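First up is the structure itself, then whatever we jot down about it.
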């Protein structure tokens with residue numbers, strides 16, 4: 109029994125006319141009759157009886173033709189599921205990202221990604237720029253998201269977004285007074301540290317008055333909220349704080365001090381999960 113046989117039975121229920129069935133299926137009447145005999149042999153029971161004015165269905169025939177619609181729906185369901193399997197993305201997304209991106213951007217992106225590709229497993233490494241670089245260079249991850257440049261990189265590289273460094277404080281302050289005010293300093297990537305240090309040295313002739321040092325950006329933000337001092341932070345980290353004053357750090361040309369977040373990958377070696385992830389990010 110195949111799909112064509114069930115289609116013959118479906119039409120048999122509707123028309124009970126061999127000529128019409130043959131016409132609908134674009135085959136000869138003898139071919140329809142031959143297939144009906146094979147179906148009867150398969151089930152071991154008669155489906156039709158010949159009468160002088162045509163054919164009628166036997167009791168078994170009435171039952172089996174009533175099943176034809178359901179069986180054809182099952183064939184269609186299987187066909188659709190097989191088609192979905194051919195395009196379904198599975199495997200593992202091996203991604204490395206810096207702590208900043210992982211904290212403020214990645215969760216929302218991964219939620220959307222997993223809703224679209226539920227069969228993909230996630231292998232996510234979060235660390236400092238230098239550690240993500242190492243993992244990427246040694247092929248431990250397929251995609252690297254960093255706020256850092258890879259000068260000798262010959263593969264693909266795309267800019268994801270640009271953020272700004274700003275002075276964050278609970279009260280309005282004058283940038284000229286920063287050397288005299290208590291600064292809350294947090295551990296950050298070397299690249300960001302150097303960017304801030306370059307700006308500071310170009311504008312002030314003395315070191316910052318660091319009053320508190322913490323390991324993470326969240327602790328730093330909370331201390332700013334409590335009025336313990338100001339901090340120099342990426343704007344991305346402060347989007348949910350309404351009661352903090354933010355002033356962009358300006359360079360000599362009055363342009364804002366920016367942080368660029370890049371994604372690096374080797375296009376020729378991407379697996380399906382990684383390729384779909386990049387497509388989602390860039391589109």
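Residue numbers (the numbering used here): 109 to 391. The beta carbon of each residue, even a glycine, is placed where N, CA and C say it ideally should be. Here the structure is a predicted model, which means the values were calculated and not measured.
- Restricting attention to beta strand (DSSP E) runs no shorter than 3 residues, the stretch 109-162 encloses them at 156-159, ordered along the chain.
- Under the rule that a run must span 4 or more residues, the alpha helix (DSSP H) segments found entirely inside the stretch 320-368 read 325-333.
- Annotation: the continuous alpha helix (DSSP H) that includes residue 210 extends over 207-212.
- Here residue 251 is buried, its C-beta having at least 16 other C-beta atoms within 10 Å.
- Using a Cβ distance threshold of 7 Å, residue 183 and residue 111 count as a contacting pair.
- Residue 268 sits in a strand when the DSSP states are folded into three classes.
- Comparing C-alpha distances from residue 166 to each of 178, 177, 152, 352 shows the shortest one belongs to 152.
- Taken through DSSP and simplified to helix, strand or coil, residue 177 comes out as helix.
- Note: residue 277 is bridge-paired with 353 in the DSSP secondary-structure output.
- Here the C-alpha atom of residue 340 lies approximately 58 Å from the C-alpha atom of residue 185.
- Annotation for residue 319: 290, 291, 292, 336, 337 place their beta carbon closer than 8 Å to its own, counting only its chain and skipping 5 residues before and after.
- The beta-carbon separation of residue 342 and residue 304, rounded to 11 Å, does not stay under the 8 Å limit for a contact.
- Annotation: residue 309 is outside any beta strand (DSSP E); the continuous alpha helix (DSSP H) that includes it extends over 298-311.
- Rounded to the nearest whole angstrom, the C-alpha separation of residue 267 and residue 281 is 33 Å.
- Straight across, the Cα-Cα distance linking residue 212 with residue 115 is about 56 Å.
- Just measuring C-alpha positions, the residue of 201, 276, 314 sitting nearest residue 288 is 314.
- Closest in alpha carbon position to residue 174, among 155, 379, 189, is 155.
- Bounds of the beta strand (DSSP E) holding residue 253 are 251-254.
- Judged by DSSP secondary structure, residue 258 falls outside any alpha helix (DSSP H); it is assigned neither H nor E.
- For the pair of segments examined, the stretch 139-151 was found not to touch the stretch 194-211: the number of CB pairs separated by less than 8 Å stays below three.
- Here residue 382 is near residue 201, since their CB atoms are less than 7 Å apart.
- As the crow flies, the alpha-carbon of residue 206 is around 6 Å from that of residue 254.
- Per DSSP, reduced to three states, the secondary structure at residue 316 is coil, with no helix or strand assignment.
- Looking at the backbone, the Cα of residue 157 and that of residue 164 are separated by about 5 Å.
- Residue 139 counts as exposed, since fewer than 16 other C-beta atoms from the protein chains shown sit within 10 angstroms of its C-beta.
- If you ignore the 5 residues before and after residue 344, its C-beta comes within less than 6 Å of the C-beta of 212, 271, all in its own chain and listed in chain order.
- With 16 or more other CB atoms across the displayed protein chains lying within 10 angstroms of its CB, residue 325 is buried.
- Non-local beta-carbon contacts of residue 333 in its own chain, meaning distances under 6 Å to residues more than five positions away in sequence, are absent.
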